[in-house]
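full-length UniProt numbering puts the last residue of the sequence shown at 375; the count rises by one with no breaks.
Glycine included, C-beta positions come from ideal geometry on N, C-alpha and C.
In this text, all values refer to a predicted model and were calculated from it rather than measured experimentally.
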Amino acid sequence: MKTTITILRERGAARPYTESRPLELVEAELAEPGPGEVRIRMSAAGLCHSDLSVINGDRARDTPLALGHEGAGVVEAVGPHVTRLAPGDHVVTVFIASCGHCVPCAEGRPALCEPGAAAGAAGTLLGGHRRIAVEGDKIHHHLGVSAFSTHAVLSENSCVRIDKEIPLDRAALLGCAVLTGVGAVLNSGALRMGEACAIVGLGGVGLAGLLGAVAAGAGEIVAADLDPAKRALALELGATHAIDPAAPDAVAAAREITGGGVHLAVELAGAAPALQFGYDITRRGGTTVTAGLPHPDARMALPPVSLTAEERTLKGSYVGSCVPVRDIPRFARMMMQGKLPVEKLVTHRLRLDEINEGFERLAAGQAVRQVVIFD
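Here's what the structure looks like:
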């Protein structure tokens, strides 16, 4: 069938993207879903820094690429051997398809699925196939999803079914911003009620993490970002304090606010200085979690003695250490109960043909979460 995709032909386009227009809407041929695959009609898709890092060249991905990884839609057709989904189901896309059989999957860590990671890096679906073609040329899938398309073929394992009463424009954020941000706080960080928490980096994922900290009943919640508008929004969403991490006294101020440092600092900026700040404001015996994706060449200095002498923990978090089939429905229920007001993160709603404008806005730091609406 025919579909409209958003294709990135080359990485590293010059800004502003409103002029260079690195993303092009083209008509593509979408193959029928193969074994274990489904076709969905996309309803909404979020713009994420992970997409931007491919556009600007920070993240290596083969091109031409059908971009987008955070989405929600309705199943239209299923291929052979699909057992969990049926036409008419509402689903959230997941950007790591878990095979269920490798060692990480068997250990209950599907975010680290080895075949899923390999397929994502290769630009294929979990089964190794590419189902998109333009004028006969195969197009790479983005993380097995390619959400900036009117229709997409995905592995069944890249989708999680949700209740049909959940608005799909909100549900789209569950697949990345909420999984990553809320999961980093609740799963990776294991934040306990009353503990002091810091969220470093207040983009869409960071503010989702902030919502998770509020829902968990954190005590002091320190929100840190260079942008004063984002710090102000964090206070509206439940942060108790907001700090400019570049201020000369920022570390001392955070430690004073929290009586010696936070129990948990979660870095969601994707920048080494942000992680350094998060580590510096973590108390003795505390945990620093990083869920951002900095440039692969980024480095930070760390005094190893602090890990031992202060019993500190520094750990990574990918996809919020989530089990998507467990956590997406759980976070969806919290969202519908008002405990995770995800809709407050959406600053712009776009048409698909406005996507270059959206990514320029994201690159300029002028948006939190933007959502392309298809329906």
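When the five nearest sequence neighbours on each side are left out, the beta carbons in the same chain lying within less than 7 angstroms of the beta carbon of G189 are those of L264, V266, T287, V289, in order along the chain.
Residue pairing by DSSP places V134 opposite D137 in a beta bridge.
In the three-state scheme derived from DSSP, where H, G and I count as helix and E and B as strand, I199 is classed as strand. The continuous alpha helix (DSSP H) containing C105 extends over residues 103-106.
Cβ atoms of L268 and I328 stay farther apart than 8 angstroms, at about 19 angstroms. V262 has its alpha-carbon roughly 15 angstroms from the corresponding atom of S306. The stretch 210-225 makes no contact with the stretch 354-362; the number of CB pairs closer than 8 angstroms stays below 3.
Per the C-alpha coordinates, the member of A171, H142, L314 positioned closest to A301 is L314. Within its own chain, the residues whose Cβ lies closer than 6 angstroms to the Cβ of M193, once the five positions on either side in sequence are excluded, are G217, listed in chain order. Relative to the Cα of A184, the nearest Cα in the group H90, H348, S321, V325 belongs to S321. The Cβ atoms of I7 and A44 do not sit closer than 7 angstroms to each other. When rounded, the separation of the alpha-carbon atoms in C159 and P33 is 14 angstroms.
Per DSSP, reduced to three states, the secondary structure at R41 is strand. In this structure, R161 is the residue among R161, L293, R284 with its C-alpha nearest to the C-alpha of F331.
Contact check between the stretch 110-127 and the stretch 35-50: three or more CB pairs, one atom from each, fall below 8 angstroms, which counts as touching. Listed in chain order, the alpha helix (DSSP H) runs fully inside the stretch 333-365 are 355-363, counting runs of at least 4 residues.
The alpha-carbon separation between V371 and A242 amounts to approximately 26 angstroms.
DSSP links L47 through a beta bridge to Q370.
The bridge partners DSSP lists for S188 come to none.
The beta carbon of A298 sits closer than 8 angstroms to the beta carbons of A271, A272 from its chain, once the five residues preceding and following it are set aside; these are given in chain order.
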